[in-house]
Amino acid sequence: MSGKPVLHYFNARGRMECIRWLLAAAGVEFEEKFIERPEDLEKLRKDGKLMFEQVPMVEIDGMTLVQTRAILNYIATKYDLDGKDVKERALIDMYAEGIADLSEMMGQLVVTPPDQKEAKIALIKDRTKNRYLPAFEKVLKSHGQDYLVGNRLTRVDIHLLELLLYVEEIDSSLLAPFPLLKALKSRLSNLPNVKKFLQPGSQRKPPIDEKALEEAKKIFKLS
Amino acid sequence: MAGKPVLHYFDGRGRMEPVRWLLAAAGVEFEEKFLKTRDDLARLRNDGSLMFQQVPMVEIDGMKLVQTRAILNYIASKYNLYGKDMKERALIDMYSEGIADLDEIVLHQPYIPQEEKEANLAKIKDKARNRYFPAYEKVLKGHGQDYLVGNRLSRADVYLVELLYHVEELDPSVLANFPLLKALRTRVSNLPTVKKFLQPGSQRKPYEDEKCVESAMKIFS
Chain P
1 MSGKPVLHYF NARGRMECIR WLLAAAGVEF EEKFIERPED LEKLRKDGKL MFEQVPMVEI
61 DGMTLVQTRA ILNYIATKYD LDGKDVKERA LIDMYAEGIA DLSEMMGQLV VTPPDQKEAK
121 IALIKDRTKN RYLPAFEKVL KSHGQDYLVG NRLTRVDIHL LELLLYVEEI DSSLLAPFPL
181 LKALKSRLSN LPNVKKFLQP GSQRKPPIDE KALEEAKKIF KLS
Chain U
1 MAGKPVLHYF DGRGRMEPVR WLLAAAGVEF EEKFLKTRDD LARLRNDGSL MFQQVPMVEI
61 DGMKLVQTRA ILNYIASKYN LYGKDMKERA LIDMYSEGIA DLDEIVLHQP YIPQEEKEAN
121 LAKIKDKARN RYFPAYEKVL KGHGQDYLVG NRLSRADVYL VELLYHVEEL DPSVLANFPL
181 LKALRTRVSN LPTVKKFLQP GSQRKPYEDE KCVESAMKIF S
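In structure tokens form, the structure reads like this:
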């Protein structure tokens, strides 16, 4: 039974945003059912739709998939955005996991206590400019191609683009020393599906604001 | 250039243990180069061997792979432990990621400061008994087959069995209400490659004692 994938999550970036990006880049239309009150989450749990009682959850091709990486892997394979063989996939996975590590640090910022925030931001900036961005600039320099792996668009280019936009949100000067990453960012942003997703009115989510987060914490018992 | 995979890590479970289990279950011999000092780590970094300056790192088939999931995905695909199609892989990924979430809490236990150990242990017990183990028991009950996915051994079974042993070390009665998990563990443990890995003298690592923790802290601080 086909139909559009249905994404179940809060109306926020969180752990679902990378999935929205990948579907959008693949040109796949999707629906979203937002969890707005505790009852919404309870219902999903009671209906047995969440294997580990958690979201993100995506209904796709008759499956009720949870776990961000499981969902991303399936989408990438289905829409031909994964490597063409086991070795390309190894590179894609290695790069994507590095991106995920830095994204995870950024994601934790919203739940970092105020007295620790400054130190956390300093660490993120340090890792960004000394560990992660140099690693990806080096990859692009080494083969001189337009994409990270296999000379064609794969999932990891999209994951990296998303990350670079978040890096810019934190501090736009962080990208300055990385000309190849800047070029990749421009190139990817001009792909028709990506360009569309970057326009206002798309399903792309804005950064969470502190007030909305406080509200959500009060409403939900976030575990 | 073929040859045995070489695992670079310290002499402890940490984030490398699932890699050891998977290679062992696949019947693949591997070598280990243990980091013993900060200088060993620095040397690997200066050689440009570590894409993100971190271990685990595995030299395999001409690649220097870092990131545990990248390594596990490659091994699982290469040795046919990753399902027969996209849909089986989705289930294997979903199950493996759940195990990884629980493992993330479990693998930290030796490294947690003494005063926080009890709380972390309580968290492990709660999540294992109330969230994760029931989910996998339900999968096995649902299809009544011998393995989690596709009626044959996959990486998900190997990882789950590893975790069943590790959680039981911390919570000896945890498996009491999960007969199908117990049966899976027995079945997988009796496979010749796994049986061998479970014997003393194999490359399987013990629970990290204080000395091991101290040594790891020195290398990575």
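For the record, the sequence lines run as chains P and U. So for the first sequence, UniProt numbering puts the first residue at 1; every next one is plus one. So for the second sequence, UniProt numbering puts the first residue at 1; every next one is plus one. Ideal placement from N, C-alpha and C gives every residue a C-beta, glycine not left out.
Three-state secondary structure assigned by DSSP to residue i
i, result
"P:Val66", "strand"
"U:Tyr9", "strand"
"U:Val66", "strand"
"U:Leu107", "helix"
"U:Lys36", "coil"
"P:Met1", "Residue placement at P:Met1 cannot be trusted, given a pLDDT of 46 that sits under 50; what the coordinates show is reported in the next sentence. Here P:Met1 sits in coil by DSSP."
"P:Leu23", "helix"
"P:Phe34", "strand"
"P:Leu7", "strand"
"U:Val149", "coil"
"P:Ile208", "coil"
"U:Val58", "strand"
"P:Ile124", "helix"
Residue i vs residue j beta-carbon contact at 8 angstroms
i, j, result
"U:Val188", "U:Val213", "no"
"U:Arg69", "U:Ile219", "no"
"P:Leu50", "P:Ile99", "no"
"P:Leu7", "P:Glu32", "yes"
"P:Leu22", "P:Ile75", "yes"
"P:Leu140", "P:Leu153", "no"
"U:Pro5", "U:Leu23", "yes"
"U:Val106", "U:Pro56", "no"
"P:Asp146", "P:Arg204", "no"
"U:Phe197", "U:Phe133", "no"
"residue 224 of chain P", "U:Ser77", "The structure shown does not extend to residue 224 of chain P, since chain P is modelled only from 1 to 223, so the question has no answer here."
"U:Ile60", "U:Leu160", "no"
"P:Leu72", "P:Ala26", "no"
"U:Leu184", "U:Leu175", "no"
"P:Leu165", "P:Lys129", "no"
"P:Gly83", "P:Gly150", "yes"
"P:Ala12", "P:Ile208", "yes"
"U:Gln67", "P:Glu97", "yes"
Chain-ordered chain U contacts of residue i [CB-CB under 8 angstroms]
i, result
"P:Thr77", "Met86 and Arg89"
"P:Phe52", "Gly98, Asp101, Arg131, Tyr132 and Ala135"
Rounded separation between residue i and residue j - CA only
i, j, result
"U:Gly3", "U:Val194", "22 angstroms"
"P:Lys217", "P:Pro38", "11 angstroms"
"P:Ile170", "P:Pro179", "19 angstroms"
"U:Met1", "U:Leu72", "With a pLDDT of 46 at U:Met1, under the threshold of 50, the modelled position of that residue is not reliable, and no figure is offered here."
"U:Tyr82", "P:Ile124", "34 angstroms"
"P:Ile60", "U:Tyr74", "25 angstroms"
"U:Val149", "U:Leu91", "7 angstroms"
"U:Asp93", "U:Asp209", "31 angstroms"
"P:Pro5", "P:Lys196", "19 angstroms"
"U:Ala156", "P:Ser189", "37 angstroms"
"U:Arg15", "U:Asp171", "21 angstroms"
"P:Val66", "U:Glu97", "9 angstroms"
"P:Tyr132", "P:Leu41", "35 angstroms"
"U:Arg204", "U:Met217", "21 angstroms"
Chain-ordered neighbours of residue i on chain U, where CB pairs are closer than 9 angstroms
i, result
"P:Glu97", "Phe52, Val66, Gln67, Thr68, Arg69 and Ala70"
"P:Arg89", "Ala70, Asn73, Tyr74 and Ser77"
"P:Ala135", "Met51, Phe52 and Gln53"
Amino acids of chain P, ordered along the chain, whose beta-carbon sits closer than 7 angstroms to that of residue i
i, result
"U:Glu97", "Gln67, Arg69 and Ala70"
7 angstroms Cβ cut-off: residues of chain U touching residue i
i, result
"P:Tyr74", "Met86 and Ala90"
"P:Arg131", "Phe52 and Gln53"
"P:Asp93", "Gln67, Arg69, Ala70 and Asn73"
"P:Pro86", "Per the sequence presented here, residue 86 of chain P reads as Val, with Pro not at that position. Here the neighbours are Tyr74, Ser77 and Lys78."
Within chain P, partners of residue i - CB distance below 8 angstroms
i, result
"U:Glu157", "In the sequence as displayed, the identity of residue 157 of chain U is Asp instead of Glu. Correct list: empty, because the minimum Cβ distance to chain P is about 16 angstroms."
"U:Met94", "Met51, Leu65, Val66, Gln67 and Ala70"
Selection of the UniProt domain "GST N-terminal" (3 to 83) of chain U by Cβ proximity to chain P, strictly under 7 angstroms: If the cut-off is 7 angstroms between Cβ atoms, the UniProt domain "GST N-terminal" (3 to 83) of chain U has Met51, Phe52, Gln53, Met63, Leu65, Val66, Gln67, Arg69, Ala70, Asn73, Tyr74, Ser77 and Lys78 near chain P.
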